[in-house]
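Student: My structure is below; once you've seen it, I'll send some questions.
Number of protein chains: 4
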Amino acid sequence: MTLSADALAEIAELRATAAPTRRAVVPALEAILFEPLPVLDQGFIRVVDYMGDDDAIVQAARVSYGKGTKQVSTDQGLINYLMRHRHTTPFEMCEIKLHVKLPIFVARQWIRHRTANVNEYSARYSVLDDGSYRPEIGHLAAQAAHNRQGRGEALEPEMAKAVLDRLDASAASAEATYRWLLGDAPGEPGLSRELARMVLPLSAYTQWYWKIDLHNLLHFVALRADSHAQYEIRAYAEVLSQIIEKWVPVTAAAFRDYRVEGAALSGKALAVVKRLLRGEPVDRDAAGMSAREWRELMALLGLPAEG
Amino acid sequence: MTLSADALAEIAELRATAAPTRRAVVPALEAILFEPLPVLDQGFIRVVDYMGDDDAIVQAARVSYGKGTKQVSTDQGLINYLMRHRHTTPFEMCEIKLHVKLPIFVARQWIRHRTANVNEYSARYSVLDDGSYRPEIGHLAAQAAHNRQGRGEALEPEMAKAVLDRLDASAASAEATYRWLLGDAPGEPGLSRELARMVLPLSAYTQWYWKIDLHNLLHFVALRADSHAQYEIRAYAEVLSQIIEKWVPVTAAAFRDYRVEGAALSGKALAVVKRLLRGEPVDRDAAGMSAREWRELMALLGLPAEG
Amino acid sequence: MTLSADALAEIAELRATAAPTRRAVVPALEAILFEPLPVLDQGFIRVVDYMGDDDAIVQAARVSYGKGTKQVSTDQGLINYLMRHRHTTPFEMCEIKLHVKLPIFVARQWIRHRTANVNEYSARYSVLDDGSYRPEIGHLAAQAAHNRQGRGEALEPEMAKAVLDRLDASAASAEATYRWLLGDAPGEPGLSRELARMVLPLSAYTQWYWKIDLHNLLHFVALRADSHAQYEIRAYAEVLSQIIEKWVPVTAAAFRDYRVEGAALSGKALAVVKRLLRGEPVDRDAAGMSAREWRELMALLGLPAEG
Amino acid sequence: MTLSADALAEIAELRATAAPTRRAVVPALEAILFEPLPVLDQGFIRVVDYMGDDDAIVQAARVSYGKGTKQVSTDQGLINYLMRHRHTTPFEMCEIKLHVKLPIFVARQWIRHRTANVNEYSARYSVLDDGSYRPEIGHLAAQAAHNRQGRGEALEPEMAKAVLDRLDASAASAEATYRWLLGDAPGEPGLSRELARMVLPLSAYTQWYWKIDLHNLLHFVALRADSHAQYEIRAYAEVLSQIIEKWVPVTAAAFRDYRVEGAALSGKALAVVKRLLRGEPVDRDAAGMSAREWRELMALLGLPAEG
């Protein structure tokens, strides 16, 4: 991640200023405010603003005049209760605003989360010159054989090298074309920006301001930090996870227990578990589960798949 | 508006605390933070938290690393431009959280604005004892003759007095029934709260935490501070307007010019205006407008309706 | 449920008409189209329109030119897969529009689901004369002792009778006041409708058109048909469930297995289950669970709470 | 636009089927149902399903048991009234589902409209082989001099030809790289699809199912059929406009008069118009308007800019 001297100076200026507020303040988040947290080769996430903390969740759940309750243990119990029973509205009472630099193909997955506010850098209005994403060699993997939407084995080093070279050449060529199209010296096309951009590859970096409430942020992280998500968006989700830990540590702990480390059982799966606990024989056919579901259930329970 | 000593003490405690933050701070809003601003006879709006200021809008529109621009005039011009061209996303980058006490019939209009976060005091879980709305005698008006959803002439004083007496008796009777149903001494029903509440009138006060972004808040105010809105929700919208003035004065000025004091002309109305400016005769039939539209247009232009 | 002769005639007229369409048609839903399905004493749900069927979900998931796949088994497998992995967007591709008559206190819970379209009968504009909800005597229950937001034991018959009498008197009195306020003969107040309505009780019936996509409808039913939901909204959720069975039977079956009859285990609960399956001793303290969570887990697994 | 024989056969099969329904049917929309309406060089919009018609809007506004009213003139008047006063919820009661093929840079603008449901063809899961957008030579224009986000003069024919050649070469090169990366014969990389796609250009075509209610569709068209919108998305908005004309002709007429052909005046602009109508002198400085606003107002009123 490389930022221009101007950008660094602007960030330093923002970080040097402080003023008193009566609002909830989270020192651990203030400590990293405005700083670009690196993601992938050139991307970043910057926390630009935030509203609320763990107390604000309790306060909203109780519709109280002051802070939530006085006792930490009570607040933690309430937050666990809210998370367990999926009472989501109190978590919507905290809000965070981020500045994110990310490849366009990641941006296209990201934007599918509609309950958020977005202002993206406009390539109609300005020239997009933030470079392209270049994977680390270790992340180049073959199409998975058994899972149509994932990665399988890493490529052999020599092949991986050939792929990287081709990616580099492709990005360089697209960028050169973009520059040529925009060129407005005599004899150059000076094509409008809104048209020229269409030669840029999906690996090109873009930027946006993104604002979201805590409930929807947790939902985003649950989906995008999951092992089924594409590595490149997972890298962002993991930084978001770390930001959440700093911002609302009590909520983050409840989220880990009830969502990240938990699991959903279907009615059929629950019936199998109950039979197992009673020492009764179980059988995939009798349970009415597909081979894949059965395999997933046995893996979840730490049992051999032949059940 | 009367608050319990406990509530006042909690508010005072919150107001007495301050801590440094690197985030945008709006002193005029800090000055009223947590204070109940009275609305109607017993309602209030309290600003509980906020995120962003006029600068944050510019910052988001530019997707910048630091503050927006350096010059106030440029920022104002940009905000005017965004408001004029209905580029709404930068205004979504500011957020405010309010604690509101309001009659249930007002709450039912209010909640129709879906793009907001709400936590309402639960009458399933707790006893609702916030009293009922009692209009001022001057606000008691007859059904409008020409507008099916509005108020017409004020009631005669004697009749208004009779109406108030009847409203008081009705509210007192409903409250007594509610209390009796909840009573759980031996020989009393001790009915569940979720059932008992159904005898409460729509004038009963409820409370909620309500969080919304600036764009949607402006939309709310545009609709609810309008002269066609019911007086009781307008009273809340006017306090919201004052809060917006303190929070984002540049945006508030643009909103006043382009939305509140502005007007939308239909294609037909615009054609009439152009004819008038050219000194050509105009005619409702030729213009293809309904009598009502014509009347509204002439009033807007400050012309006699016979046009 | 009693409908006016006019309303019945309008419904009969709609039901008597049919025209050919190239769109997906669901005969089981056509059979009940426009018919009021009774809920509570005077409420109803009418299916007014619908878009899509089980096939439409497959079609959208595949972004196909024609129908989804050709084989029923494949479609069922895909729908199960989507439900299990919470790929929710294909379920958003079906939409349903309902006309609902419901008590205001139910409407206030219902409207909290924001991802839907609503047009409510306006008591500013028209007189609300749909009567009030009167619970059946068997549904009158005391406040739960252990659960602050639920019902406990049914009231003793004599007490229940006294409560019903008081509810009747309260509703009759509110309605009489409402009528008197609206009365516009000479010497009567003729108060504007928007003000008069505030004496109506929360048990008064209102009506609305409500339109929602299948994903959000399933979410609504999952929350509101749950045993923790208030009986009165559960009664509506159960009718919605029956409508879903007729409309999209494959999706309904998947929903039952994965959501209704399934369960979410926290990370801690999952660890307990794995220990149990390995025959190792378990212990609430060691598991780090609250007494309540432990009790709920043991009940879920069909084990004695003393664990 | 070229579709595979398989796709054409599937479409023909769908179009050949019809079944009776009690729902509202719009013959003009049935006539084009499932047919690909061409947009740009290879894109299309297909109407896949719809719910409701002009009557349904009236029906919802009235919360009626049957159809809205009996008289066409009354319905038209009501729809005009709703459009004029921005009562938007009745228009939300109609819904349409489309299958759209569009270039990725258009898709990225399109998706900013969040109040819609989307299922996009997945380039993680499948190979994207829908070709790239190639502008017509007449649409190649230079960057606008005075408007940072628009097109100015058309390029000179020779330069335009050179640009097209370069665009073709760039697209061909990107596609060849994509194919090579995906190649899985021995000695080829067989890179995972989710990674290979990042070399595709923003001009590559993608496809999605998109479902939206009529109110939000009108808002989309108002913004995207506007002369400030990029030509490529405007081409789609114009086809959407034609679909709306067929679907809900009364609403379409009201939309044209009140939104498309109408204009919003600021408070300052309205004051200028009133002065002009009274024959008083006007002056940009006295009016407090920027040079640009003044120019836009005079153009709107058909007056010379020197005012």
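Chains as they are written, first to last, in this note's numbering: chain Z, 1 to 307; chain D, 1001 to 1307; chain E, 2001 to 2307; chain X, 3001 to 3307. The C-beta atom is built at its ideal place from N, Cα and C for all residues, glycine as well.
(1) What is the DSSP secondary structure of His-2099(E), reduced to helix, strand or coil?
(2) Determine, using beta carbons only, whether Ala-1287(D) and Lys-1274(D) come nearer to each other than 8 Å.
(3) Looking at the structure shown, is Thr-2206(E) part of a helix, part of a strand, or coil, going by DSSP?
(4) Nearest CA to the CA of Ile-1096(D): which residue from Arg-23(Z), Ser-192(Z), Leu-14(Z)?
(5) Show which residues of chain E have a CB atom less than 9 Å away from the CB atom of Val-3250(X).
(6) Near Glu-1245(D), which residues of its chain fall below 6 Å by C-beta distance, leaving aside the five closest residues on each side in sequence?
(7) List, in chain order, every chain D residue whose beta-carbon is nearer than 8 Å to that of Leu-3303(X).
(8) Check whether the Cβ of His-113(Z) sits closer than 7 Å to any heavy atom of the ligand ZN, and report yes or no.
(9) At least one CB of chain E closer than 8 Å to the CB of Lys-211(Z): is that the case?
(10) When the Cα atoms are used, what is the spatial distance from Arg-2197(E) to Leu-2037(E)?
(11) On a CA-only basis, which of Leu-2217(E), Gln-2230(E), Pro-2249(E), Asp-2283(E) is nearest Phe-2105(E)? Give me that one, please.
(12) Taking its Cβ as the centre, do 16 or more other Cβ atoms sit within 10 Å of Tyr-125(Z), making it buried, or is it exposed?
(13) Beta-carbon of Leu-1265(D) versus every beta-carbon of chain X: anything under 8 Å?
(14) Report the three-state DSSP secondary structure of Asn-1117(D) (helix, strand or coil).
(15) Suppose the cutoff is 6 Å on Cβ atoms and the five residues either side in sequence are ignored; what does the same chain contact list for Glu-2092(E) look like?
(16) So, for Asn-3117(X): in the same chain, excluding its five sequence neighbours on each side, which residues have a beta-carbon less than 6 Å away from its beta-carbon?
(17) Secondary structure at Lys-1211(D), three-state DSSP: helix, strand or coil?
(18) Tell me which same chain residues have a C-beta within less than 8 Å of the C-beta of Gly-2307(E), skipping the five on either side of it?
(19) Determine the extent of the beta strand (DSSP E) in which Arg-3046(X) is found, giving its start and end residues.
(20) So which residues on chain E does Tyr-1133(D) lean against when the C-beta distance must stay under 8 Å?
(21) Can you tell me where the beta strand (DSSP E) holding Ala-1123(D) begins and where it ends?
(22) Does the beta carbon of Tyr-2125(E) sit closer than 8 Å to a beta carbon anywhere in chain D?
(23) Give me the chain D residues within the contact set of Lys-3274(X), using Cβ-Cβ distance strictly less than 7 Å, ordered along the chain.
(24) Give a yes or no on whether the C-beta atoms belonging to Leu-2155(E) and Gly-262(Z) are separated by under 8 Å.
(25) Return the residues of the region 2139-2152 of chain E that lie within a Cβ-Cβ distance of less than 9 Å from chain D, sorted by chain order.
(26) Between Pro-1020(D) and Pro-189(Z), which are expected to be in contact by the criterion C-beta below 8 Å, what is the C-beta distance as a whole number of angstroms?
(27) If you count every other CB in all the chains shown that lies within 10 Å of the CB of Thr-3206(X), and 16 or more means buried, which is it?
(28) Between Glu-296(Z), Met-51(Z), Val-250(Z), His-219(Z), which lies nearest to Trp-110(Z) when the distance is taken from Cα to Cα?
(29) Taking Val-25(Z) as the reference, which of Ala-222(Z), Ala-172(Z), Asp-55(Z), Lys-161(Z) has the closest Cα?
(30) Suppose the cutoff is 7 Å on Cβ atoms and the five residues either side in sequence are ignored; what does the same chain contact list for His-123(Z) look like?
(31) May I ask you to list the residues that DSSP assigns as paired with Pro-38(Z)?
(32) Ignoring anything shorter than 4 residues or poking outside the region 3221-3304 of chain X, list the alpha helix (DSSP H) runs there in chain order.
(33) In terms of residue numbering, what span does the alpha helix (DSSP H) encompassing Gln-3109(X) cover?
(34) Can you tell which of Pro-157(Z), Gly-77(Z), Pro-135(Z), Thr-177(Z) has the C-alpha that lies nearest to the C-alpha of Ala-3169(X)?
(35) In this structure, does DSSP put Gly-2138(E) in helix, strand or coil?
Tutor: Checking against the coordinates, here is how it stands:
(1) Here residue 2099(E) refers to the residue found at position 99 when the third sequence is read from its first residue. Looking at His-2099(E) - three-state DSSP - the assignment turns out to be strand.
(2) The residue given as residue 1287(D) occupies position 287 in the second sequence. The residue given as residue 1274(D) occupies position 274 in the second sequence. Going by C-beta atoms, Ala-1287(D) is not nearer than 8 Å to Lys-1274(D).
(3) The residue labelled residue 2206(E) in the question sits at position 206 within the third sequence. Three-state DSSP puts Thr-2206(E) in a strand.
(4) Locating residue 1096(D) in the second sequence gives position 96, where the first residue counts as 1. Comparing Cα-Cα distances from Ile-1096(D) to each of Arg-23(Z), Ser-192(Z), Leu-14(Z), the minimum goes to Arg-23(Z).
(5) The count along the fourth sequence starts at 1 and reaches residue 3250(X) at position 250. Per Cβ cutoff of 9 Å: no residues; Val-3250(X) is ~18 Å from chain E at best.
(6) Residue numbering aside, residue 1245(D) sits at position 245 when the second sequence is read from its first letter. Excluding sequence neighbours, Glu-1245(D) sits near Ala-1252.
(7) The residue labelled residue 3303(X) in the question sits at position 303 within the fourth sequence. What Leu-3303(X) touches in chain D: Leu-1277.
(8) Ligands displayed in this structure: none; no statement on the ligand ZN is therefore possible.
(9) Position 211 of the first sequence holds residue 211(Z). No, no contact with chain E.
(10) By one-based count along the third sequence, residue 2197(E) stands at place 197. By one-based count along the third sequence, residue 2037(E) stands at place 37. So the alpha carbons of these two residues sit roughly 27 Å apart.
(11) If you number the third sequence from 1, residue 2105(E) lands on position 105. With distances taken between Cα atoms, Phe-2105(E) lies closest to Gln-2230(E).
(12) Walking along the first sequence from the start, residue 125(Z) turns up at place 125. By the neighbour-count rule (16 or more Cβ atoms within 10 Å), Tyr-125(Z) is not buried but exposed.
(13) Walking along the second sequence from the start, residue 1265(D) turns up at place 265. For Leu-1265(D), the answer is yes, since a Cβ of chain X falls inside 8 Å of its Cβ.
(14) To locate residue 1117(D), count along the second sequence from 1; it is residue 117. In this structure, Asn-1117(D) counts as strand in the three-state DSSP scheme.
(15) As a working note, residue 2092(E) is residue 92 in the third sequence. Counting only Cβ-Cβ distances below 6 Å, and skipping sequence neighbours, we find Asp-2213, His-2215.
(16) Position 117 of the fourth sequence, counted from the start, is the residue given in the question as residue 3117(X). Cβ neighbours of Asn-3117(X) beyond the five flanking positions: Lys-3211.
(17) Taking the first residue of the second sequence as 1, we reach residue 1211(D) at position 211. It is a strand residue.
(18) Residue mapping note: residue 2307(E) aligns to position 307 of the third sequence, counting from 1. For Gly-2307(E), the pLDDT reaches just 45, beneath the cut-off of 50, and the residue's location in the model is therefore unreliable, although a value from the coordinates is still provided. Excluding sequence neighbours, Gly-2307(E) sits near Val-2282, Asp-2283, Arg-2284, Trp-2294, Met-2298.
(19) The residue given as residue 3046(X) occupies position 46 in the fourth sequence. Unbroken beta strand (DSSP E) run through Arg-3046(X): 3043-3051.
(20) For the purposes of this step, residue 1133(D) is taken as the residue at position 133 of the second sequence. Met-2198, listed in chain order.
(21) Walking along the second sequence from the start, residue 1123(D) turns up at place 123. No beta strand (DSSP E) holds Ala-1123(D); DSSP gives it neither H nor E.
(22) As a position in the third sequence, residue 2125(E) is number 125, starting the count at 1. By this cut-off, Tyr-2125(E) is an interface position.
(23) As a first step, residue 3274(X) is located in the fourth sequence; it is residue number 274 there, counting from the start. Within 7 Å Cβ-Cβ: Leu-1301, Gly-1302.
(24) Here residue 2155(E) refers to the residue found at position 155 of the third sequence. Here residue 262(Z) refers to the residue found at position 262 of the first sequence. It is not a contact, given that the beta carbons lie outside the stated cut-off.
(25) His-2139, Leu-2140, Ala-2141, Ala-2142, Gln-2143, Ala-2144, Arg-2148, Gln-2149, Gly-2150, Arg-2151, Gly-2152
(26) For the purposes of this step, residue 1020(D) is taken as the residue at position 20 of the second sequence. For the purposes of this step, residue 189(Z) is taken as the residue at position 189 of the first sequence. Rounded, the Cβ-Cβ distance is 52 Å, inconsistent with contact.
(27) Here residue 3206(X) refers to the residue found at position 206 when the fourth sequence is read from its first residue. With 16 or more Cβ atoms within 10 Å of its Cβ, Thr-3206(X) is classed as buried.
(28) Along the first sequence, read from residue 1 onward, the residue named residue 110(Z) stands at position 110. When only C-alpha atoms are compared, the closest one is His-219(Z).
(29) Here residue 25(Z) refers to the residue found at position 25 of the first sequence. Of Ala-222(Z), Ala-172(Z), Asp-55(Z), Lys-161(Z), the residue nearest in Cα terms is Asp-55(Z).
(30) Mapped onto the first sequence, residue 123(Z) falls at position 123. It should be noted that the sequence gives Ala, not His, for residue 123(Z). Cβ neighbours of Ala-123(Z) beyond the five flanking positions: Arg-193, Arg-197.
(31) Walking along the first sequence from the start, residue 38(Z) turns up at place 38. Partner(s): Phe-44(Z).
(32) 3231-3247, 3249-3255, 3267-3277, 3284-3287, 3291-3301
(33) As a working note, residue 3109(X) is residue 109 in the fourth sequence. Looking at the DSSP string, the run of the alpha helix (DSSP H) that includes Gln-3109(X) is 3104-3110.
(34) Here residue 3169(X) corresponds to residue number 169 of the fourth sequence, with the count starting at 1. It is Thr-177(Z).
(35) The residue you call residue 2138(E) lines up with position 138 of the third sequence. Residue state, collapsed to three classes: helix.
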